[in-house]
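Chemist: My structure is below; once you've seen it, I'll send some questions.
2 protein chains.
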Amino acid sequence: MAALASGLLGSLDPTSDRAVFRQIADHLREAIDKGRFAEGAKLPSESELVEHFSVSRMTVRNALSILQSEGLVSSEHGKGVFVRPRPPVRRLASDRFARRHREQGKSAFIVEADAAGSRPEVDNLEVKEERPSTDVSARLGAPRRVLARRRRYLLDGRPVEFATSYLPLDIARDTPIAQPNPGPGGIYARLEELGHTLDHFEEEIRARMPSPLEIKTLQLATGVPVIHLIRTAFDTKGRAVEVCDTVMAADAYILNYHLPAK
Amino acid sequence: MAALASGLLGSLDPTSDRAVFRQIADHLREAIDKGRFAEGAKLPSESELVEHFSVSRMTVRNALSILQSEGLVSSEHGKGVFVRPRPPVRRLASDRFARRHREQGKSAFIVEADAAGSRPEVDNLEVKEERPSTDVSARLGAPRRVLARRRRYLLDGRPVEFATSYLPLDIARDTPIAQPNPGPGGIYARLEELGHTLDHFEEEIRARMPSPLEIKTLQLATGVPVIHLIRTAFDTKGRAVEVCDTVMAADAYILNYHLPAK
DNA sequence: GAGTGGTCTAGACCACAAC
DNA sequence: TTGTGGTCTAGACCACTCG
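Chains A and B, in that order, are what the protein sequence lines are.
Residues in the first sequence are numbered from 532 upward in steps of one, following the numbering used here.
Residues in the second sequence are numbered from 532 upward in steps of one, following the numbering used here.
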């Protein structure tokens, strides 16, 4: 309907080998990168792009789907296609499980969110005994059953992280760890009270595209990967006392690590 | 042509609200997850799927594009659509820059690849002086110009990582660090010889979808995110002496970190 | 040459959002 | 009611791979 401000977008190169829908994607991407469409701004509608480039609607949709898969734009049914705003990221410090933080009685998530001025929430709480996966079992020294604690974290109403902690039953059964709310300082504080003084953690980090379930749970936009972090906690006797499997929306996090040069 | 073994794929649910192309994607995903199509196996051709599900070709292609964006399959022009084999992953230990490794004279990449039985290569070498980006500049204490060392790493012929090191010119100019081959132990060994004894590193990790240039440089399949790692090296005087900006194919790496509980 | 995926057209009908 | 994106059809021609 509205005339497209042609100045914002170039025109196609008919001599180019590059497919038309890729050229259109390139033009849009460049316009976004150069700030000609700001964060949150609406792109020209599909029908405007059809007219501007003189192509069929499928070609335009193909171009837009590229930008979606790159995480640059997201579409809203009945409204339009918008430049994805970059959500604020949460930095995870490598000392986030240091004892001095735990002793303050709040969980790391709550403390950091408060400090950043965000509203933290935890939901989807589930605590149950179950048979461990082979991977979790191997990490924990092959217990037959484990206590699983699942929860989802949200910031200002947006889900950012989904985590499950697994603990051997001989450690966790009939302790505050098996309660929905384990008390101040979280399960690490309880583990230390139970005599499992923590010695160190091992973290394992992957990045990949989310499964359909993860997309749903974290309400992920198209083109947003997840960071998959598996942390194992060891006590001073060298025993693995907890495995925490965490899936994070990658656009919500920066992970920080401190490495001594030794 | 060949009859499709219908047993491998269910049929559509006409009463479902779920879009047809999503249902087809679900069926294929389930078949892959359950191993009915092994890694590297060829999926039924588009025309076979068209016939099996009695839909148009665009609908089938829409379904396949979902699986591609999830990184589950990749298409090969003229051959077919194949289940993506999981490439072997390289684990990066958090002590990979420990001095004891450096003193053995080989770079971390070469040592690890040899140990894993892979054939390592380094190409795209470029060493030049340039003006730093604002981000790099801020990390290095605002030098006017820096030495940039760019290189790409390959394993068994496959590009897996693209890295740029930035060093302040007052440290690196007219030293072996400015040479294409800085010598045994790499630039960290040279830095220490120049009096910049390394104290610690800070690493910053993000995950995101790759830019078109990154897709090209790392020859990334559709649906493979990248891990973006920025490491800053500090000497014992507390000065930032190097920033290394690394982009890794996420399906080729697992990052390991060791965290003391303190 | 036969089969495959890659690109593109020109329509159609639907569901959702905003006025 | 109008405009938006979401889904789907039924074709077409092309480029690539393999025998």
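Backbone N, C-alpha and C fix where the C-beta goes; we use that ideal spot for every residue, glycine too.
All values derive from a computational prediction rather than experimental measurement.
1. Is it right to say D645(A) is buried, meaning 16 or more other beta carbons lie within 10 angstroms of its own, or is it exposed?
2. For chain A, check one thing: does any of its Cβ atoms lie closer than 7 Å to the Cβ of R737(B)?
3. Applying a beta-carbon distance threshold of less than 8 Å, which residues of chain B neighbour H731(A)?
4. Identify every residue that forms a DSSP beta bridge with E773(B).
5. Would you mind sorting H632(A) into buried or exposed? The rule is 16 or more other CB atoms within 10 Å of its CB.
6. I want to see whether chain A comes within less than 7 Å of E601(B), judged by CB atoms only; does it?
7. Please report whether the beta-carbon of M740(B) lies at a distance below 7 Å from any beta-carbon of chain A.
8. By alpha-carbon positions, which one of D730(A), S596(A) and L722(A) ends up nearest to L794(B)?
9. Please decide whether G625(A) counts as near chain B, where near means a Cβ-Cβ distance under 7 Å.
10. So A556(A) is in the alpha helix (DSSP H); what residue range does that whole segment cover?
11. Between which two residues does the beta strand (DSSP E) containing F613(A) stretch?
12. Alpha carbon to alpha carbon, what distance is there between E657(B) and R762(A)?
13. Give me the chain B residues within the contact set of G754(A), using Cβ-Cβ distance strictly less than 7 Å, ordered along the chain.
14. Among the residues of its own chain, which have a CB less than 8 Å from the CB of P711(A), if the five just before and after it don't count?
15. Got a sec, what are the start and stop residues for the alpha helix (DSSP H) L700(B) sits in?
16. Residues in the region 758-780 of chain B with C-beta within 7 Å of chain A's C-beta atoms, listed in sequence order?
17. Any beta-carbon of chain B closer than 7 Å to the one on E724(A)?
18. Nearest-angstrom Cα distance between R682(B) and V778(B)?
19. Given a cut-off of 7 Å on the beta-carbon distance, is the pair P741(B) and L751(B) in contact?
20. Less than 6 Å between C-beta atoms, sequence neighbours within five positions excluded: which residues of the same chain meet that for Y788(B)?
21. Could you tell me the distance, in whole angstroms, from the CA atom of N593(A) to the CA atom of G672(B)?
22. Please report how far the alpha carbon of V526(A) lies from the alpha carbon of S606(A), in whole angstroms.
23. Work out the CA separation of T546(B) and K747(A) for me, nearest whole Å.
24. Please classify L623(B): does DSSP put it in a helix, a strand, or coil?
25. Using a 10 Å radius around the Cβ and a threshold of 16 neighbouring Cβ atoms, would you call A569(A) buried or exposed?
26. Less than 6 Å between the CB of D654(B) and some heavy atom of the ligand NAD, yes or no?
27. Which bits of chain A does I555(B) rub up against, with CB to CB less than 7 Å?
28. Alpha carbon to alpha carbon, how far is R650(A) from F693(A)? Give it in angstroms, no decimals.
29. At a CB-CB cut-off below 7 Å, which residues of chain A make contact with R630(B)?
30. Mind checking if E652(A) is an interface residue toward chain B, Cβ cutoff 7 Å exclusive?
31. Considering only residues of the same chain and omitting the five flanking positions on each side of H727(B), which have a CB-CB separation below 6 Å?
32. Leaving aside the five residues before and after L698(B) along the sequence, list all residues of the same chain whose C-beta is less than 7 Å from its C-beta, in chain order.
33. Note down, in chain order, every chain A residue with its Cβ under 9 Å from the Cβ of I785(B).
34. Bridge partners of Y684(A), per DSSP?
35. Can you have a look at R662(A) and say buried or exposed, based on whether 16 or more other CB atoms are within 10 angstroms of its CB?
36. Please go through the same chain and pick out, in chain order, the residues whose beta-carbon is closer than 8 Å to the beta-carbon of R721(B), but skip the five residues on each side of it.
Modeler: On the basis of the supplied data:
1. exposed
2. For R737(B), the closest Cβ of chain A is nearer than 7 Å.
3. H789, L790, P791 and A792
4. A764(B)
5. buried
6. yes
7. yes
8. Any property of residue 794(B) remains undetermined from this structure, which presents chain B solely from 532 to 793.
9. Reading the sequence as shown, one finds Ser at residue 625(A) and not Gly. So yes, S625(A) belongs to the interface.
10. V551 to D564
11. Taken as a continuous stretch (DSSP letters only), the beta strand (DSSP E) holding F613(A) covers G611 to V614.
12. For R762(A) and E657(B), the distance between alpha carbons rounds to 37 Å.
13. M740, listed in chain order.
14. Residues L656 and V658 of the same chain have their beta carbon placed closer than 8 Å to that of P711(A), with the five preceding and five following residues left out of the count.
15. L700 to A703
16. I758
17. No, E724(A) does not count as interfacial toward chain B.
18. 11 Å
19. yes
20. S625
21. About 44 Å.
22. Lying before the first or after the last residue shown, residue 526(A) is absent from chain A, which here runs from 532 to 793.
23. 22 Å
24. strand
25. exposed
26. You won't find the ligand NAD in this model; it holds no ligand whatsoever.
27. What I555(B) touches in chain A: nothing, since even the nearest Cβ is about 14 Å away.
28. 17 Å
29. Listed along chain A, the residues sitting closer than 7 Å to R630(B) by beta-carbon distance are A792 and K793.
30. Not an interface residue.
31. D766 and V772
32. V677, L678, I708, V772 and E773
33. E735, I736 and R737
34. V653(A) and E692(A)
35. It counts as exposed.
36. T706, P707, I708, P713 and G714
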